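Visitor: Positions 10 to 399 (our numbering) are the ones given, in order, by the sequence shown.
Virtual Cβ for every residue (Gly too), placed ideally from N, Cα, C.
Since the model is a prediction, treat every value here as computed from it, not as a measurement.
Dumping the structure here so I can ask a few things about it.
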Amino acid sequence: MFGKFGGQFVPETLMNALIELEREFMKAKEDESFKNEYKYYVKEYSGRPTPLYYAENLTKQLSGGKIYLKREDLNHTGAHKINNVIGQVLLARRMRKKRIIAETGAGQHGVATATICAMFGLKCEIYMGEEDIKRQSLNVFKMKLLGAKVNSVISGTATLKDATNEAIRDWVTNVDDTFYVIGSVVGPHPYPTMVRDFQRIIGDEVKEQIIQKEGRLPDYLIACVGGGSNAMGLFYPFIKDKDVKIYGVEAGGFGVNTDKHAATITKGSVGVIHGMKTYLLQDEYGQIMPVHSISAGLDYPGIGPEHAYYHSIGRVKYEAVNDDEAVEAFQYLTKEEGIIPALESSHAIAYLMKLAPKTNKEDIIVVNLSGRGDKDINTIFNVIGGIKDE
Numbered sequence: 010m011f012g013k014f015g016g017q018f019v020p021e022t023l024m025n026a027l028i029e030l031e032r033e034f035m036k037a038k039e040d041e042s043f044k045n046e047y048k049y050y051v052k053e054y055s056g057r058p059t060p061l062y063y064a065e066n067l068t069k070q071l072s073g074g075k076i077y078l079k080r081e082d083l084n085h086t087g088a089h090k091i092n093n094v095i096g097q098v099l100l101a102r103r104m105r106k107k108r109i110i111a112e113t114g115a116g117q118h119g120v121a122t123a124t125i126c127a128m129f130g131l132k133c134e135i136y137m138g139e140e141d142i143k144r145q146s147l148n149v150f151k152m153k154l155l156g157a158k159v160n161s162v163i164s165g166t167a168t169l170k171d172a173t174n175e176a177i178r179d180w181v182t183n184v185d186d187t188f189y190v191i192g193s194v195v196g197p198h199p200y201p202t203m204v205r206d207f208q209r210i211i212g213d214e215v216k217e218q219i220i221q222k223e224g225r226l227p228d229y230l231i232a233c234v235g236g237g238s239n240a241m242g243l244f245y246p247f248i249k250d251k252d253v254k255i256y257g258v259e260a261g262g263f264g265v266n267t268d269k270h271a272a273t274i275t276k277g278s279v280g281v282i283h284g285m286k287t288y289l290l291q292d293e294y295g296q297i298m299p300v301h302s303i304s305a306g307l308d309y310p311g312i313g314p315e316h317a318y319y320h321s322i323g324r325v326k327y328e329a330v331n332d333d334e335a336v337e338a339f340q341y342l343t344k345e346e347g348i349i350p351a352l353e354s355s356h357a358i359a360y361l362m363k364l365a366p367k368t369n370k371e372d373i374i375v376v377n378l379s380g381r382g383d384k385d386i387n388t389i390f391n392v393i394g395g396i397k398d399e
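The structure is reproduced here in structure tokens:
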């Protein structure tokens, strides 16, 4: 689907399910009643359109172009994840599936899935690595409050990769009555395309909002990238606008020259993971390597195949930001604009802090604020050790 990237590298038992899913998704995309139902719930239940906020303080401080923040953190459940979950669960209901499963890293996708399942009265199970359960205990509590069963995964590094493995195993076993709601633009076809199409509402809104505010398209787009769904949602509507420079920001962890990072494109190579061909972090024998990021949502050894394609043709540039830079950006945005960002989004803000001073005053920069930082407060507290009174 995306040059040499993507595909369907799955067990034979899943092929019929993927063929059925693609057929129903293509029908739904052309069905006005389905499209209207999706628009209704993202507006009336989630609260779209989200604002495109002019960050006046950041613009003055960084002394470059005008900075706008796309406030996906203001969605119901606190992140962009719900855009995709609403679409996939509506599709599951259309296909008469009674049971929903999902994987989650930072917990935002798990909370969004549990929320929509609660609203529609569907049985829901979430797979989550034990390490992420420790880091994101607040979101685990929310999922359980919403009625979901949270399955702790202890294999491997007990993070998102391992949770995804277990969710796929569940799907293979229960494919007849179960719909697997994948949380990013990853997995076998048609998932990367489907998730992108449900997330492109971010970029479509930005395009309309920035023309209303500035009368023209932005010069720069910036978004964080783990699997890459918030980034693809922002980028996709601008891909053919060649004058718009696009940056995806990966998790550099302790540094890309260490073995503690999740910079998949920066340091990875082409291989197969979770049913798709893409860039991933692997050793010389093709074994997937452990990854690290202070942000649970970016702690993934692969990247969506469409991102791999845009990297291969040079349309999108991918940069890495380290943990300490993300923590600094977390505090910077909180103090300067009164907005507490998710640690994932903080990676995008950290790259903005490097890029903006190099831009011209007349330039326009849009950063996608993919989620809010309530879930990361304990992590930040443990890193900076509290705040002294002034």
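Would you call L78 buried or exposed, if buried means 16 or more other Cβ atoms sit within 10 Å of its Cβ?
Guide: Taking every protein chain shown into account, the CB of L78 has 16 or more other CB atoms within 10 angstroms, so this residue is buried.
Visitor: Between D171 and I348, is the Cβ-Cβ spacing less than 9 Å?
Guide: no
Visitor: Taking DSSP as the reference, what is the three-state secondary structure of M152?
Guide: helix
Visitor: When you compare each of T187, T182 and H118 to L131 by their alpha carbons, which one comes out closest?
Guide: T187
Visitor: Please classify N391 as buried or exposed, where buried requires at least 16 other C-beta atoms within 10 Å of its C-beta.
Guide: With fewer than 16 Cβ atoms within 10 Å of its Cβ, N391 is classed as exposed.
Visitor: Among the residues of its own chain, which have a CB less than 8 Å from the CB of P246, if the five just before and after it don't count?
Guide: R209, G212, D213, V215 and K216
Visitor: For I373, which residues does DSSP report across the bridge?
Guide: K75
Visitor: If you follow the alpha helix (DSSP H) that K44 is in, where does it begin and where does it stop?
Guide: E41 to E53
Visitor: In the DSSP assignment, what are the bridge partners of P350?
Guide: By DSSP's assignment, P350 forms a beta bridge with R381.
Visitor: Skipping 5 residues on each side, what residues in its chain have a beta carbon closer than 6 Å to that of L342?
Guide: I348, P350 and I358
Visitor: Quick check: what's the CA-CA separation for M362 versus L23?
Guide: 44 Å
Visitor: Between the stretch 299-318 and the stretch 40-48, do at least 3 Cβ pairs fall closer than 8 Å?
Guide: no
Visitor: Between N84, D252 and P299, which has its C-alpha nearest S164's C-alpha?
Guide: P299
Visitor: Enumerated in chain order, which unbroken segments of the beta strand (DSSP E) with a length of 3 residues or greater are wholly contained in the stretch 319-365?
Guide: Entirely contained in the stretch 319-365, the beta strand (DSSP E) runs reaching 3 residues are, in chain order, 326-331.
Visitor: Provide the residue span of the beta strand (DSSP E) that contains S304, from first to last.
Guide: Run containing S304: none; DSSP gives neither H nor E here.
Visitor: If you measure between the beta carbons of E328 and Y360, is that distance less than 9 Å?
Guide: yes
Visitor: Determine whether the beta carbon atoms of G382 and I389 lie at a separation below 9 Å.
Guide: yes
Visitor: So which of G16, F34 and N84 has the shortest CA-CA distance to E53?
Guide: Minimum Cα-Cα distance from E53 among the listed residues G16, F34 and N84 corresponds to N84.
Visitor: Less than 9 Å separating the beta-carbons of G242 and N92?
Guide: Result yes, Cβ atoms of G242 and N92 sit closer than 9 Å.
Visitor: Can you tell me the Cα-Cα spacing of T68 and K370, whole angstroms?
Guide: If I take the Cα positions, the gap works out to 9 Å.
Visitor: Would you kindly report the start and end of the unbroken alpha helix (DSSP H) that includes R205?
Guide: First-last of the alpha helix (DSSP H) with R205: Y200 to Q208.
Visitor: Report buried or exposed for Q117, applying the criterion of at least 16 other Cβ atoms within 10 angstroms of its Cβ.
Guide: buried
Visitor: CA-CA distance, N25 and G16?
Guide: In a straight line, the C-alpha of N25 is about 15 Å away from that of G16.
Visitor: For M128, count neighbouring Cβ atoms within 10 angstroms of its own Cβ and tell me buried if that reaches 16, exposed if not.
Guide: exposed
Visitor: Distance, Cα to Cα, F263 vs Q145?
Guide: 20 Å
Visitor: Mind listing, in chain order, the continuous beta strand (DSSP E) runs of no fewer than 3 residues lying wholly within the stretch 230-289?
Guide: 254-262, 278-282 and 285-289
Visitor: Could you spell out where the beta strand (DSSP E) holding E112 opens and where it closes?
Guide: R108 to T113
Visitor: Could you work out which residue in Y309, L61 and L99 is closest to Y47 when comparing CA atoms only?
Guide: L99
Visitor: Can you list, in chain order, the stretches of the alpha helix (DSSP H) that have 4 or more residues and sit fully within the stretch 117-188?
Guide: 117-129, 139-144, 146-154 and 169-182
Visitor: What residue from T166, K254, I274 and G56 has the CA that sits closest to G138's CA?
Guide: T166
Visitor: Report the option in M104, E337 and G235 whose CA atom is closest to the CA atom of A260.
Guide: G235
Visitor: Nearest by alpha-carbon distance to A115: which of Q296, V253, Y62 and M152 is it?
Guide: M152
Visitor: With H, G and I counted as helix, E and B as strand and the rest as coil, what does DSSP make of G12?
Guide: Coil at G12, not helix or strand.
Visitor: Could you check which residue in G196, L169 and Q218 has the C-alpha nearest to that of S304?
Guide: Residue L169 is the option with its Cα nearest to S304.
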